[in-house]
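Undergrad: Below is the structure I would like to discuss, written out as structure tokens.
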Amino acid sequence: MQSASRIRGSARPCAQNARTIAALTSNPGCDRRAVLDTAGVDKQRLADHIGYPARFGQSQFAIVRGNAFEAQLKADQCAALLRLLIEQKIVPPGQHARHVDCSAVGQTESQDDRLARTAGLLGEVFKGGDSWGVPGQRPALLLDHPLLAMTIAGRTVYLEPDLILIGPDARVHVVEVKSFAVIDGQAAPSKVAAAAIQAAVYVMATCAAVTEAGFDAGAVADEIVLVCPRDFANQPTATLIDVRKQLAVLRRQFARMARIEMLLAALPDDLTFDLSIDESGVARRPPVEVVAALECVPARYIPECLAVCELAGFCRSRSRARGQTAVLGRDVCERLGGIEEVETVLGLASGTLSPSPDQTETAAVLRLAEQLRSQSLVLAGDPTAASSGLGLSALGLSA
Amino acid sequence: MSTLVALARALAFVQGVAQPITMVRHIHCAERPMVFIPLALAGEANAPLAAMVGDDPDRPRLLVVPQPRNRDLRFAFAAELASILVPHFERFQTVTEVAAPDRTGQARWRSTDAPQVVVANPAAAGFVRLFGRSTRFRRADGPYAVDARVPVLGQWLTFFAERAEYPGSSLLVTLTDALAMHWATGQSALEDTHLPALLAWIEPPEGRDGATAAMLAEDPGIWPPAGPATDPDFDNRVLAPAIEAYAAATTPDAGTLAECQASGALRDAVASQLEPTWRLMWRAIALLRALPPGVRVADRWAADRDAYTEFAARLEGSGLPQPRRDGAVAAARRLHRLERALAAFTVQRAYDDPLIMAEYRLTGEAFVATVLEADRLRIDTSGRRRTLRPRVTVTTTDPAKPEVGSTWISPARPAQRARAVEVVVARGAETTVVLELSGGMGRALTPLPGSVPDAGERLCYTSLADQYVPPGDFPAPEETPWTHGGPPAPASLDAVEGQAAVASRRGDDLPRDDLPRDDLPRDDPAGEEWS
């Protein structure tokens, strides 16, 4: 039986965040990522060490712009944000707002203290009749960077949403601030999808926190407020996004992740991804050993991994070395009848390999496709122009 | 993605080099394409950082915004870009030819050539669209005035971006798409959008296979990304200090020499990111040029030239910028045109290219057959008039099983229809079909020479028909049915941000002075520093 900490080794666990959790939904079938993420292994460092550095750097321009946009929204007791919330009819007109800073106090405050602070705040608010005012008569509360916790596959994950709005009617909305632009009412669909699933993780964590505090999680709205810059300037705009679908995907995913125990149990006892980092911060473990350890856990590489997983470069090269059709993309795989090996595809296509009973149909199509392809390449030119004997002999092959 | 292309990808994977998936080129290659590589500042909404542009591979023009967050500098960039692009776009208007008259029988003219813009990847095409959007509503007068050519550039770029949505159009060419249309690599379509990696598969260097070459090409240290997004590492290590140095040097008390030096350093840094892509793009253009063009490429380019001529005239006429969003009628019209273009392109590509036609042979929508016998002079006497209806008997081993009564067309004789009157499916894979021909043989009762296939001829017949689809009938905007939001509200009453209403207020027929002042975009006030 393996334990997560043993797999990780001596290094500090790498913190999960909403983005890494959301990424789990893009390729749920990958055991390698499930194990590494559950154990909190630093995949970036791991990938660097074995010679497949991941390129997930962020430009400082993007960071600066993102921070500036968030600060602009929160300035003056979140005046700009409140205006948007009123526009979206989430908060009644004329409502006052209170900005409650939940971010860390100094350098020393521990995660648990912060967690307790947020939980206490939520408890107080829901009890009502206290310093925040009874529901209906209190200001809209905007909790800025509250800390929430969630248990995912037996591990506690800390999450920090941008903002949580508690309306005067005690309705809770997750507010997600993003710095990509919404131009003429449209934004890049991939970015919106990523923001929605990330916010859905926060919705789940908020529900958990509200339940923990002893209240009904139904108070948490299943739509989120996405705040982005509008058009080409810094004017913010808010959009409500229904995340029920994303929530369902996540719940299903988390339920499946419970099987991580079984997965770990099947791994060798001495398996570890410890890089033997010495005092000077240098990884001493031979990369070959690390690669061997990685090979113990099966991966399911798909090209989409390149955008989300630090180890994708390594998995791609392994998948390629094994000649798997997966590296060609999902649609190609489907077109090739779901056959996993490129060699098999070409063997069936050229007729040098005899198909297994369940491959006969695919094999016939591939064989014909191969013949048509080579025939067309041989004829080279307009098929109708090729009225010579060459055409006939080439055509005769397919009989 | 067809099975043939999937198979070609598998072949490319094993052979370590991209495989051709067409026999001919399906896009038009201009004599002097305008190559445009924009770079944008990370985190900003399409804020230009730099661009390399030009129609001569040996003389690229480099444009740099030394402080991309400064509005004035951004519009100075737009003005400089306009001074290069707008004259190029307008140059082709002068020489025209007579085109087929339009539906109302009115004579038409079209330019004999048109400008072609070439960008590296879909993201760069997106940049063109958004840069067009951010500049076409600007004004040369009033508050926040910009150079007079900037809004014109905006309209041109919007035109190119909108035209690029038409399947088969070659006015704005996205190189990764164009290359992927002609070659299948041993990697995924996702990875094919990276121009250096795609070219590494098509032309791997000596001694390397495509996969290795593509992996090296993905290293931004070796090949800078083709943009518009820059490498974050470059941003942090090189660009940010260079921009800071420039900002420091432009304070009033600093000397101009320092400013020149700082701006020179910044230009050099940006050029280092653009030059490799510039070379790659011309290499990619050369690869495409080397392919023989398909027969119907010229027809589609003529349609592009029509669109160009029409737009140039519109610019000179009303000169109103394209709306932010289409109204209901305009959107329906556009959708209809896109569908027509897609249908035509699909058929034309197959007609031009045996390798594309092979995909339809695989699915039974086409077959290649040999003519066994031909009754060239057969006359049908069953009707009131004697008509020429030759019959040919053909045999094929393709999987297609034509039904009796079905109609087939041969790309070699597109004006002729062949109706299957008798089909014999033999025990083997062989199918014999008797086809009755009509059309395309002249008006007499004996067919023109060559208009009926001879015995022994090998022919392709397909059910794909490149037929004329009449343009749809759409109501005038003011007659928009209630199902589609009803007629747009009159401009003056419109206080609501209804999309249809907004778009219709910008309708073509509105004179410019009737536009309410508040219709002008105010989303980018002057003097505003971004971030």
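Protein chains in written order, with the working numbering: chain A, 1 to 399; chain B, 1001 to 1531.
Where a beta carbon is used, it is the ideal one built from N, C-alpha and C, also for glycine.
Since this is a predicted model, take the numbers as computed values, not measurements.
#1: Name the residues in the region 1396-1415 of chain B whose C-beta lies less than 7 Å from a C-beta of chain A; which are they?
#2: For Leu1257 (chain B), go through chain A and note every residue whose CB falls closer than 7 Å to its CB, in chain order.
#3: Can you grab the Cα-Cα spacing for the pair Phe180 (chain A) / Pro1225 (chain B), in whole Å?
#4: Determine the closest residue to Gln72 (chain A) out of A:Pro146, A:Ser59, A:Lys178, with distance taken between C-alpha atoms.
#5: Determine the chain B residues that contact Leu336 (chain A) at a beta-carbon separation under 8 Å, and present them in chain order.
#6: State the DSSP-derived secondary structure class of Gln1261 (chain B), mapped to helix, strand or coil.
#7: Beta-carbon of Phe1127 (chain B) versus every beta-carbon of chain A: anything under 9 Å?
#8: State yes or no: is the C-beta of Trp1201 (chain B) within less than 9 Å of the C-beta of Ala1008 (chain B)?
#9: Would you call the region 1456-1463 of chain B and the region 1366-1375 of chain B in contact, with 3 or more CB pairs under 8 Å?
#10: Please state the DSSP three-state secondary structure of His173 (chain A).
#11: Do the region 1176-1184 of chain B and the region 1016-1031 of chain B touch if we need at least three Cβ pairs shorter than 8 Å?
#12: For Gln16 (chain A), decide whether its Cβ has a neighbour in chain B, counting only Cβ atoms nearer than 9 Å.
#13: DSSP has Gln324 (chain A) in a bridge; who is on the other side?
#14: For Leu1171 (chain B) versus Gly1132 (chain B), is the C-beta distance shorter than 9 Å?
#15: Looking at the structure shown, is Val64 (chain A) part of a helix, part of a strand, or coil, going by DSSP?
#16: Quick one: what does DSSP say Ile260 (chain A) is sitting in, helix, strand or coil?
#17: Can you have a look at Phe56 (chain A) and say buried or exposed, based on whether 16 or more other CB atoms are within 10 angstroms of its CB?
#18: At a Cβ threshold of 9 Å, is Glu1316 (chain B) touching chain A?
#19: Can you list, in chain order, the residues of the region 1123-1149 of chain B whose Cβ is nearer than 9 Å to any Cβ on chain A?
#20: Below 8 Å on the Cβ atoms is my guess for Ala80 (chain A) versus Gly1043 (chain B); work out the distance and round it to an integer in Å.
#21: Whose Cβ in chain A lies nearer than 7 Å to the Cβ of Val1238 (chain B)?
#22: 9 Å is my cut-off, CB to CB: does Glu1044 (chain B) come that close to chain A?
#23: Since Arg1138 (chain B) and Gly1154 (chain B) are thought to touch, with beta carbons under 8 Å apart, how far apart are those beta carbons, to the nearest angstrom?
#24: Whose CA, out of B:Asp1056, B:Pro1471, B:Gly1486, lies closest to the CA of Glu954 (chain B)?
#25: Would the beta-carbon of Val225 (chain A) fall within 9 Å of that of Val175 (chain A)?
#26: By the 9 Å beta-carbon criterion, what residues does the region 288-308 of chain A contribute toward chain B?
#27: Taking only beta-carbon positions, decide if Gln1155 (chain B) is within less than 9 Å of chain A.
#28: Check the Cβ of Pro229 (chain A) against every Cβ in chain B and list those closer than 7 Å, keeping chain order.
#29: Alpha carbon to alpha carbon, how far is Leu1049 (chain B) from Gln1322 (chain B)?
#30: Who are the Cβ neighbours of Ala1328 (chain B) in its own chain at under 7 Å, not counting the five residues just before and after it?
#31: Can you find a CB in chain B that lies within less than 9 Å of the CB of Arg45 (chain A)?
#32: Please list the terminal residues of the continuous beta strand (DSSP E) segment that includes Ser5 (chain A).
#33: In chain A, which residues lie less than 8 Å from Pro1060 (chain B) when you measure between Cβ atoms?
#34: Candidates A:Ser374, A:Glu370, A:Phe314: which alpha carbon is nearest Tyr52 (chain A)'s?
#35: Taking DSSP's pairing of strands, which residues face Pro1293 (chain B) in a bridge?
#36: If you run the structure through DSSP and keep just helix, strand and coil, what is Arg1458 (chain B)?
TA: Quick answer:
#1: Under the 7 Å Cβ criterion, the region 1396-1415 of chain B contributes Thr1397, Pro1399, Ser1410, Pro1411, Ala1412.
#2: Here the premise fails: no neighbours, minimum Cβ distance about 27 Å.
#3: In a straight line, the C-alpha of Phe180 (chain A) is about 20 Å away from that of Pro1225 (chain B).
#4: Here the closest residue by C-alpha is A:Lys178.
#5: Here the neighbours are Thr1003, Ala1006, Leu1007, Ala1010.
#6: When secondary structure is reduced to three states using DSSP, Gln1261 (chain B) falls in the helix class.
#7: False, the Cβ-Cβ gap to chain A never drops below 9 Å.
#8: No, these two residues do not count as a Cβ contact at 9 Å.
#9: Touching, yes.
#10: Judged by DSSP in its simplified three-state form, His173 (chain A) adopts strand.
#11: Enough Cβ pairs lie closer than 8 Å, so yes.
#12: No, its Cβ sits nowhere closer than 9 Å to a Cβ of chain B.
#13: Gln324 (chain A) is bridged to A:Glu341.
#14: Between Leu1171 (chain B) and Gly1132 (chain B), the C-beta gap is not smaller than 9 Å, which leaves the two residues out of contact.
#15: Three-state DSSP puts Val64 (chain A) in a helix.
#16: If DSSP states are grouped into helix, strand and coil, Ile260 (chain A) belongs with the helices.
#17: Exposed, because fewer than 16 other Cβ atoms sit within 10 Å of the Cβ of Phe56 (chain A).
#18: So, not an interface residue.
#19: Under the 9 Å Cβ criterion, the region 1123-1149 of chain B contributes Gly1126, Leu1130, Arg1133, Ser1134.
#20: That belief does not hold up - the Cβ atoms of Ala80 (chain A) and Gly1043 (chain B) are roughly 19 Å apart, past 8 Å.
#21: Simply none; closest approach about 11 Å.
#22: Under the Cβ distance rule, Glu1044 (chain B) counts among the residues neighbouring chain A, one pair being separated by less than 9 Å.
#23: Taking a contact as a CB-CB distance under 8 Å, the pair Arg1138 (chain B) and Gly1154 (chain B) counts as one, their CB atoms being some 7 Å apart.
#24: Residue 954 (chain B) lies beyond the stretch modelled for chain B, which goes from 1001 to 1531, so this question has no answer here.
#25: Cβ distance < 9 Å, so Val225 (chain A) and Val175 (chain A) count as in contact.
#26: Against chain B - using a Cβ distance shorter than 9 Å - the residues of the region 288-308 of chain A are Ile302, Pro303, Glu304, Leu306, Ala307.
#27: Gln1155 (chain B) does not count as touching chain A.
#28: The answer, in chain order, is Ala1045.
#29: Leu1049 (chain B) and Gln1322 (chain B) have their C-alpha atoms spaced approximately 25 Å apart.
#30: Excluding residues within five positions, the ones whose Cβ falls inside 7 Å are Thr1480, His1484, Gly1485, Ala1500.
#31: Output row for Arg45 (chain A): interface = no.
#32: Run containing Ser5 (chain A): none in the beta strand (DSSP E); it sits in the alpha helix (DSSP H), 4-8.
#33: Against chain A, a Cβ distance below 8 Å from Pro1060 (chain B) picks out nothing, because the smallest value is about 24 Å.
#34: Out of A:Ser374, A:Glu370, A:Phe314, A:Phe314 has the C-alpha closest to the C-alpha of Tyr52 (chain A).
#35: For Pro1293 (chain B), which the question treats as bridged, DSSP gives the partners B:Arg1025.
#36: If DSSP states are grouped into helix, strand and coil, Arg1458 (chain B) belongs with the strands.
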